[in-house]
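Number of protein chains: 2
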Amino acid sequence: MIELSKAEFEVLDAVWLGYPATASEVIVRLSDDKEWHEKTIKTLLSRLVKKGALSFEKQGRQYNYTPCIAREEYTLKESQSFIERFFNGRIAPLVSGFAKSEQLSQHDIDELKKVIDDWEKQQK
Amino acid sequence: MIELSKAEFEVLDAVWLGYPATASEVIVRLSDDKEWHEKTIKTLLSRLVKKGALSFEKQGRQYNYTPCIAREEYTLKESQSFIERFFNGRIAPLVSGFAKSEQLSQHDIDELKKVIDDWEKQQK
DNA sequence: AATTTAAGATTACACGCGTAATCAAATAAT
DNA sequence: ATTATTTGATTACGCGTGTAATCTTAAATT
C-alpha cells in the first residue's frame with residue numbers, strides 16, 4: 106500500500122477534486138483551507154509523484170498531474186487498517202463508540218440503515 | 106488531544122489489558138505479537154509517560170504504569186479525526202465503502218443493526 | 001536577442017519515530 | 001560488604017515529515 110503522510114493526502118485530495126490539474130490549480134484549491142506556502146505544496150506534489158500516487162505529463166513548462174489511485178480505493182485501505190488497529194478489524198465497535206458519545210444524528214442513522222438495506226438486498 | 110505514534114499506541118494497548126502493570130509485564134504481553142527488543146518497549150513506555158498517556162508509581166526499583174486515559178476515549182477521538190479527514194465527518198460513507206468491497210459479514214451487519222436499534226431506543 | 005519570470009528540481013533543517021545501546025543507580029545475591 | 005544484576009534514564013542515529021528557500025532552466029516578455 107502506498108503510504109501517504111497527512112499533508113500529502115490533503116494535496117492528493119485537492120487533485121482528486123478535478124484532474125488533470127496543474128500545480129497552480131492545486132495551490133488555488135488549497136488556498137481557502139490551508140496556509141501553505143506555494144513551495145510547500147510543490148514539494149508535496151513531488152513527493153506524491155515519487156511515491157507513485159500521482160503521475161504527470163509535461164505541458165510546456167507546467168505539469169499536469171493525475172492521481173494513480175482512486176480516492177475510494179485509498180480510503181478503503183486506510184479504513185481497513187484503521188479498524189484493524191483500533192477495533193480488531195470489526196466495524197461495529199467504531200459506530201457504537203460514536204453512538205455512545207452522541208456523535209450520531211438521525212441523518213447518520215438513516216444513511217446507515219440504507220447501507221444495511223442495500224447490503225441485504227445485494228446479498229439475496 | 107494526546108498524539109501517539111503507532112508503536113506507542115500498541116504499548117499503551119498492552120497496558121490497557123491490565124493495570125497497573127510493570128515494564129516486564131508489558132514486555133511479556135507484547136512478546137507474542139511483536140519482535141520488539143525489551144529496550145524498545147521501555148523507550149516507548151517512557152515516551153508515553155512524557156506525553157501524559159501513562160502515569161506510574163515507583164515500587165522498589167520498578168514502575169507500576171497506569172493509563173491516564175480510557176481506551177474508549179482515545180479510540181473515539183481517533184475515530185472522529187479519522188472520519189473527519191477521510192469522509193468529511195460522516196460515518197456512513199466509511200461503512201458503505203466496506204459494504205461495497207464485500208468487507209462486511211452477516212455478523213457485522215447484525216452488530217450494526219443492534220447499534221442502530223439501541224440508538225433509536227435511547228432516543229425516544 | 002537579451003532579459004525577466006516562473007515551474008519544477010534540489011537542498012535545507014528541525015523534530016518525531018522506530019529501534020535500540022549505553023549509563024547510572026538501586027537492589028539482590030554472595 | 002562486595003559484586004552482580006536489573007531498572008529506568010540518557011544518548012544515539014537514520015529516516016520521514018512539515019515547511020520552505022535556493023537553484024536551474026525553459027518559456028514569456030521586451
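Just so you know, the sequences run in chain order A and B. Heads up: the first sequence begins at 106 in the working numbering, then just goes up one per residue. Heads up: the second sequence begins at 106 in the working numbering, then just goes up one per residue. By construction, the Cβ of each residue, glycine as well, lies at the ideal position given by its N, Cα and C atoms.
At the level of alpha carbons, what is the spacing between residue i and residue j?
{"i": "Lys-111/A", "j": "Asp-118/B", "result": "23 angstroms"}
{"i": "Lys-226/A", "j": "Leu-217/B", "result": "16 angstroms"}
{"i": "Arg-166/B", "j": "Ser-151/B", "result": "15 angstroms"}
{"i": "Arg-134/B", "j": "Ala-128/B", "result": "10 angstroms"}
{"i": "Ile-107/A", "j": "Phe-191/B", "result": "16 angstroms"}
{"i": "Glu-189/A", "j": "Gly-202/B", "result": "15 angstroms"}
{"i": "Glu-162/B", "j": "Asn-193/B", "result": "41 angstroms"}
{"i": "Glu-143/A", "j": "Ile-174/A", "result": "24 angstroms"}
{"i": "Lys-156/B", "j": "Thr-148/B", "result": "12 angstroms"}
{"i": "Ile-146/A", "j": "Ser-136/A", "result": "10 angstroms"}
{"i": "Asn-205/B", "j": "Gln-164/B", "result": "Looking at the sequence shown, residue 205/B is not Asn but Lys. Distance between the alpha carbons of Lys-205/B and Gln-164/B: 53 angstroms."}
{"i": "Tyr-168/A", "j": "Arg-195/B", "result": "34 angstroms"}
{"i": "Tyr-124/A", "j": "Tyr-124/B", "result": "52 angstroms"}
{"i": "Lys-229/A", "j": "Lys-229/B", "result": "32 angstroms"}
{"i": "Asp-215/B", "j": "Asp-215/A", "result": "16 angstroms"}
Flag residue i as yes if its beta-carbon sits less than 8 angstroms from any beta-carbon of chain A, otherwise no.
{"i": "Arg-195/B", "result": "yes"}
{"i": "Ala-119/B", "result": "no"}
{"i": "Glu-113/B", "result": "no"}
{"i": "Asp-223/B", "result": "yes"}
{"i": "Val-116/B", "result": "no"}
{"i": "Lys-163/B", "result": "no"}
{"i": "Glu-140/B", "result": "no"}
{"i": "Ser-184/B", "result": "yes"}
{"i": "Ser-151/B", "result": "no"}
{"i": "Leu-209/B", "result": "yes"}
{"i": "Lys-226/B", "result": "no"}
{"i": "Ser-110/B", "result": "no"}
{"i": "Lys-229/B", "result": "no"}
{"i": "Leu-122/B", "result": "no"}
Is the Cβ-Cβ distance between residue i and residue j less than 8 angstroms?
{"i": "Pro-172/B", "j": "Leu-159/B", "result": "yes"}
{"i": "Asp-138/A", "j": "Ala-197/B", "result": "no"}
{"i": "Leu-109/B", "j": "Ser-184/A", "result": "no"}
{"i": "Val-116/B", "j": "Val-131/B", "result": "yes"}
{"i": "Phe-187/B", "j": "Phe-187/A", "result": "yes"}
{"i": "Ala-126/B", "j": "Tyr-179/B", "result": "no"}
{"i": "Arg-176/B", "j": "Trp-121/B", "result": "yes"}
Residue i CB to nearest chain B CB: under 8 angstroms?
{"i": "Val-131/A", "result": "no"}
{"i": "Thr-180/A", "result": "yes"}
{"i": "Ala-158/A", "result": "no"}
{"i": "Asp-213/A", "result": "yes"}
{"i": "Val-154/A", "result": "no"}
{"i": "Ile-147/A", "result": "Rather than Ile, the amino acid found at residue 147/A in this sequence is Lys. It does not; no Cβ of chain B falls within 8 angstroms."}
{"i": "Glu-189/A", "result": "no"}
{"i": "Gly-202/A", "result": "yes"}
{"i": "Leu-135/A", "result": "no"}
{"i": "Lys-144/A", "result": "no"}
Would the segment 209 to 227 of chain A count as touching the segment 197 to 213 of chain B if we require 3 or more Cβ pairs under 8 angstroms?
A contact between stretches requires three or more CB pairs, one per stretch, nearer than 8 angstroms, and the segment 209 to 227 of chain A meets this requirement with the segment 197 to 213 of chain B.
In chain order, what are the residue ranges of uninterrupted beta strand (DSSP E) at least 3 long that sit wholly in the segment 167 to 214 of chain B?
As far as the segment 167 to 214 of chain B is concerned, its whole beta strand (DSSP E) runs of at least 3 residues are 167 to 172.
Quick check for students: name the residue ranges of the alpha helix (DSSP H) that lie wholly in the segment 107 to 167 of chain A, counting only runs of 4 or more.
DSSP runs (the alpha helix (DSSP H)) wholly in the segment 107 to 167 of chain A: 111 to 121, 128 to 136 and 143 to 155.
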